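Enquirer: Okay, so the sequence shown: first residue is 1 according to the UniProt record's numbering, each after it adds one. In this text, a Cβ means the ideal position worked out from N, Cα and C, and glycines have one as well. Small disclaimer: the values here were computed from a predicted structure and weren't measured. Next up is a structure, given as structure tokens.
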Amino acid sequence: MTALRSTILRALLAFGLSFALWAFVSFSQNPEELVPFEGLIPQVVGLHSDLVIVDANGMPNTSLPTINVTLRTDRNQRTELRPVDIRTVVDLSGFDAGEHIVPVNVQTTRSTISFTLPSDGVAPSAIPIRLERLISHTVPIDLKVVGNLPFSFERGDPQMSAAGQTISTVTVSGPQNRVDRVAAVQTSANIEQLRASYQAPLGLSAVDANGQLVDGVQISPSTINVRIPITSVVGLKLVPVQASITGLPDAGYTITAVKIDPPLIALTGSSGPLDVAAVLRTEDIDIQGARTPMVRQANIIFPAGTSPQIGEPTSVQVTILVAPISQSFQVALPAEVRLINIGNGLLASASAAIVSLDLTGSSAVLNQLAQQTLTATVDLGGRGPGSYDLPVAVNLPSGVELVGAPPLVTVVIRIPSVPPTETPTLTPPLPETPSPLPTGEATSEPEPTATPSNPPVETETSIVVPDT
């Protein structure tokens, strides 16, 4: 037993000495070394299909910061290492939209290579990554046609297609913050002076509601085929339309404007008649005695050898605006004088029963006013007996004004005289011899007997207000 134990111990000791000798020889001949790899591009794995990496501005970001890696391996493997044998990996499994700090992992692409990483062997050891949700929207195509065609050529409606199918919308996809800004996709076709139909593939650009370009999105399809029919029209000319008006508005009214819709008509025909056609006239429109605006649908009279272009109307709407003549006229009209607000118990008389008023206004209003009886009032409120030169007041309709200062009327206010008391008529006695009177007294004449008579008649306009 002792011999067996001794044999085992000697064997273990021999093995240990052999391993130590091997390790010493190996590390002496093939020592460990640090191997640097700089500028490695990290690979992204585990990114969900509805997420996308974006930069600080929300634009898709396909380039991440480069990574510097330092490996520890032996000298023999170091001579075999190449940059393609090492890769840096950023694993985004389980990450949602938002900003994250993700660690960088180092892996080898060959199973025969072994290495270790020092504590500071990866720089940076983690990188910031911003994830945005990936969405898609359908937006319309805004095709702008620019340029002018030669005379006698016209274009039809543009036709847009992709993969043989007529389209009017496309799909825009990308980060949510970018796609939400897209209002339409835009392109333009230049047909300047073309004499044949336009046909070309055109690229599309995403724009916002203000027409500004929106980058960072994908458009599907990104190119469309555009066709614009351009055809020749023999003898085409735009000619203005003029209304033929007969009759006259009512007295005091005039035509202020004539509006025609549409004002121009595209006329086709041979060169001779078209050259002569300077204006198109309508059938006659009678406005005799009109006082208000009129709207009429009138047929157009086309000259011989001409006709309206296809799609053009054969009649126009004519609006004739009729209004009173705005020019002012001046006339003199009589007005009856009326005294108002005479004090109680007073008598008032005016020097004139009629005054002449100089008035200005439109013809229609003055003609109507001339058929009425005008009244000029004189306000005597608060005035006592006496003579006054007072202006008259006139209530005039709208649009009529008094020229100059109102006429003056002399008004006399007085207290009426009391008529004498009537006495009975007596039969005169027989004449007697008068008795002598005392010396120094005057002989009095007999008073005449009052006889009933009418009150005196005033020769002036007067008003008596009795006492109350």
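So does the stretch 285-297 actually touch the stretch 237-250, counting three or more Cβ pairs closer than 8 Å?
Expert: Taking 8 Å as the limit for Cβ pairs, the verdict is that the stretch 237-250 does touch the stretch 285-297.
Enquirer: Give the single residue among Pro-124, Leu-359 and Ile-285 whose Cα lies nearest to the Cα of Phe-37.
Expert: Here residue 37 refers to the residue found at position 37 when the sequence shown is read from its first residue. Of Pro-124, Leu-359 and Ile-285, the residue nearest in Cα terms is Pro-124.
Enquirer: Measure from the alpha carbon of Thr-88 to the alpha carbon of each residue in Met-160, Val-45 and Leu-51, then state which is nearest.
Expert: Start at 1 with the first residue of the sequence shown, and residue 88 comes out as number 88. The shortest Cα separation from Thr-88 among Met-160, Val-45 and Leu-51 belongs to Val-45.
Enquirer: When the Cα of Pro-385 is compared with those of Gly-343, Val-365 and Val-170, which residue comes out closest?
Expert: Mapped onto the sequence shown, residue 385 falls at position 385. Here the closest residue by C-alpha is Gly-343.
Enquirer: Measuring straight from C-alpha to C-alpha, what distance separates Ile-354 and Thr-254?
Expert: Locating residue 354 in the sequence shown gives position 354, where the first residue counts as 1. Locating residue 254 in the sequence shown gives position 254, where the first residue counts as 1. Taking the straight line joining both Cα atoms gives about 35 Å.
Enquirer: Below 8 Å on the Cβ atoms is my guess for Pro-406 versus Ala-393; work out the distance and round it to an integer in Å.
Expert: Along the sequence shown, read from residue 1 onward, the residue named residue 406 stands at position 406. Along the sequence shown, read from residue 1 onward, the residue named residue 393 stands at position 393. 7 Å between Cβ atoms; contact.
Enquirer: Using DSSP with H/G/I as helix, E/B as strand and the rest coil, what is Thr-433?
Expert: In the sequence shown, residue 433 corresponds to position 433, counting from 1. Only weak support is given to the placement of Thr-433: the predicted model assigns it a pLDDT of 42, under 50, and the value that follows is read from those uncertain coordinates. Coil, per DSSP.
Enquirer: Check whether the stretch 149-160 and the stretch 223-232 are in contact - that is, three or more C-beta pairs closer than 8 Å.
Expert: Output reads yes: the stretch 223-232 touches the stretch 149-160.
Enquirer: Quick one: give me the first and last residue of the beta strand (DSSP E) that Ser-220 is part of.
Expert: Against the sequence shown, residue 220 aligns to sequence position 220. Where Ser-220 is concerned, the enclosing beta strand (DSSP E) stretches over 218-220.
Enquirer: Give every residue of the same chain whose Cβ lies closer than 8 Å to the Cβ of Pro-308, excluding the five residues on either side of it in the sequence, and list them in chain order.
Expert: Within the sequence shown, the letter at position 308 stands for residue 308. Cβ neighbours of Pro-308 beyond the five flanking positions: Ile-265, Ala-266, Leu-267, Thr-268, Ile-300, Phe-302 and Thr-314.
Enquirer: Could you give the distance in angstroms between the alpha-carbon of Val-102 and the alpha-carbon of Val-52?
Expert: For this step, residue 102 is matched to residue 102 along the sequence shown. For this step, residue 52 is matched to residue 52 along the sequence shown. Each residue's alpha carbon lies about 15 Å from the other.
Enquirer: Verify whether the separation of the beta carbon atoms of Pro-118 and Arg-82 is less than 7 Å.
Expert: By one-based count along the sequence shown, residue 118 stands at place 118. By one-based count along the sequence shown, residue 82 stands at place 82. No, these two residues do not count as a Cβ contact at 7 Å.
Enquirer: Return the chain-ordered list of same chain residues with a C-beta closer than 6 Å to the C-beta of Arg-414, the five sequence neighbours on each side being excluded.
Expert: Within the sequence shown, the letter at position 414 stands for residue 414. So the list reads Leu-347 and Pro-385, once near-sequence residues are dropped.
Enquirer: Beta strand (DSSP E) containing Ser-168: first to last residue?
Expert: Translated into positions along the sequence shown, residue 168 becomes position 168. Taken as a continuous stretch (DSSP letters only), Ser-168 belongs to no beta strand (DSSP E), as it is neither H nor E.
Enquirer: Only counting runs of 4 or more residues, tell me where the alpha helix (DSSP H) segments fall wholly within the stretch 148-216, in order along the chain.
Expert: DSSP runs (the alpha helix (DSSP H)) wholly in the stretch 148-216: 176-179.
Enquirer: Taking the C-alpha atoms as reference points, what is the distance between Val-197 and Leu-149?
Expert: Looking up residue 197 in the sequence shown gives position 197. Looking up residue 149 in the sequence shown gives position 149. Sequence inspection shows Ser at residue 197; the Val mentioned does not correspond to that position. The straight-line gap from Cα to Cα measures roughly 11 Å.
Enquirer: Does Gly-361 pass the burial test, meaning 16 or more other C-beta atoms within 10 Å, or should it be called exposed?
Expert: Counting from 1 along the sequence shown, the entry for residue 361 is found at position 361. By the neighbour-count rule (16 or more Cβ atoms within 10 Å), Gly-361 is buried.
Enquirer: Starting from Asn-367, follow the alpha helix (DSSP H) in both directions and report where the run begins and ends.
Expert: Here residue 367 refers to the residue found at position 367 of the sequence shown. Per DSSP, Asn-367 belongs to the alpha helix (DSSP H) from 363-370.
Enquirer: Compare the beta carbon distance of Leu-374 and Leu-333 with 7 Å and say whether it is the shorter of the two.
Expert: Translated into positions along the sequence shown, residue 374 becomes position 374. Translated into positions along the sequence shown, residue 333 becomes position 333. Against a cut-off of 7 Å, the Cβ pair of Leu-333 and Leu-374 comes out as a contact.
Enquirer: When you compare only the Cα positions, how much space is there between Val-258 and Ile-167?
Expert: As a working note, residue 258 is residue 258 in the sequence shown. As a working note, residue 167 is residue 167 in the sequence shown. Those two C-alpha atoms are separated by around 45 Å.
Enquirer: Residue ranges of each alpha helix (DSSP H) run of no fewer than 4 residues wholly in the stretch 26-101, ordered along the chain?
Expert: 75-78, all fully within the stretch 26-101.
Enquirer: Measure the C-alpha to C-alpha separation of Ala-163 and Asn-210 and round it to an integer number of angstroms.
Expert: Indexing the sequence shown from 1 puts residue 163 at position 163. Indexing the sequence shown from 1 puts residue 210 at position 210. Spanning the two alpha carbons is a distance of roughly 30 Å.
Enquirer: Is it buried or exposed for Lys-144, if we count other Cβ within 10 angstroms and need 16 for buried?
Expert: Stepping through the sequence shown from its first residue, residue 144 is reached at position 144. By the neighbour-count rule (16 or more Cβ atoms within 10 Å), Lys-144 is not buried but exposed.
Enquirer: Using a Cβ-Cβ cut-off of 7 Å (strictly less than) and excluding sequence neighbours within five positions of Arg-133, which residues of its own chain qualify?
Expert: Locating residue 133 in the sequence shown gives position 133, counting from the first residue. Answer for Arg-133: Asp-50, Leu-51, Ala-97 and Gln-176, listed in chain order.
Enquirer: Can you give me the C-alpha to C-alpha distance between Val-464 and Ser-363, rounded to a whole angstrom?
Expert: Sequence index remark: in the sequence shown, residue 464 carries index 464 (1-based). Sequence index remark: in the sequence shown, residue 363 carries index 363 (1-based). At Val-464, the pLDDT of 42 sits below 50, so the modelled position is not reliable and the matter cannot be decided from this model.
Enquirer: Measure from the alpha carbon of Val-146 to the alpha carbon of each residue in Thr-187, Glu-80 and Ala-370, then state which is nearest.
Expert: Numbered from its first residue, the sequence shown carries residue 146 at position 146. Considering only alpha carbons, the answer is Thr-187.
Enquirer: Judging by CA-CA distance, which residue of Arg-110, Gly-16, Arg-130 and Leu-194 is the nearest neighbour of Thr-62?
Expert: As a working note, residue 62 is residue 62 in the sequence shown. Minimum Cα distance to Thr-62 is reached at Arg-130.
Enquirer: Please classify Ala-376: is it buried, with 16 or more other beta-carbons within 10 angstroms of its beta-carbon, or exposed?
Expert: Translated into the one-based positions of the sequence shown, residue 376 becomes position 376. Answer is buried; the Cβ neighbour count reaches 16.
Enquirer: If contacts are defined as beta-carbon pairs under 8 Å, then Asn-57 and Ser-161 qualify, I think. What distance do you get, rounded to the angstrom?
Expert: On the sequence shown, position 57 is the one that residue 57 refers to. On the sequence shown, position 161 is the one that residue 161 refers to. 35 Å between Cβ atoms; not a contact.
Enquirer: Can you list the alpha helix (DSSP H) stretches of 4 or more residues lying completely in the stretch 301-381, in chain order?
Expert: Runs of the alpha helix (DSSP H) inside the stretch 301-381: 363-370.
Enquirer: Rounding to the nearest angstrom, what Cα-Cα distance links residue 469 and Thr-223 in this structure?
Expert: Only positions 1 to 468 of the chain appear in this structure, which leaves residue 469 out of reach.
Enquirer: Give the secondary structure of Ser-387 by DSSP, where H, G and I count as helix, E and B as strand, and everything else as coil.
Expert: Indexing the sequence shown from 1 puts residue 387 at position 387. Ser-387 falls in the strand class under three-state DSSP.
Enquirer: Quick one: is Ala-14 buried, meaning 16 or more other Cβ sit within 10 Å of its Cβ, or exposed?
Expert: For this step, residue 14 is matched to residue 14 along the sequence shown. Result: exposed.
Enquirer: Can you say whether Ile-8 is buried or exposed, counting buried as having 16 or more other CB atoms within 10 angstroms of its CB?
Expert: On the sequence shown, residue 8 is found 8 positions in, with the first residue counted as 1. Classification for Ile-8: exposed.
Enquirer: I'd like to know whether the C-beta atoms of Val-365 and Gly-404 end up nearer to each other than 7 Å.
Expert: Here residue 365 refers to the residue found at position 365 of the sequence shown. Here residue 404 refers to the residue found at position 404 of the sequence shown. Not a contact, by the Cβ cut-off of 7 Å.
Enquirer: Under a Cβ-count criterion, where at least 16 other Cβ atoms within 10 Å of its own Cβ denotes burial, should Ser-444 be classed as buried or exposed?
Expert: Taking the sequence shown and counting its residues from 1, one reaches residue 444 at position 444. Caution applies to Ser-444, whose pLDDT of 39 falls short of 50 and renders its modelled position unreliable; the model cannot decide the point.
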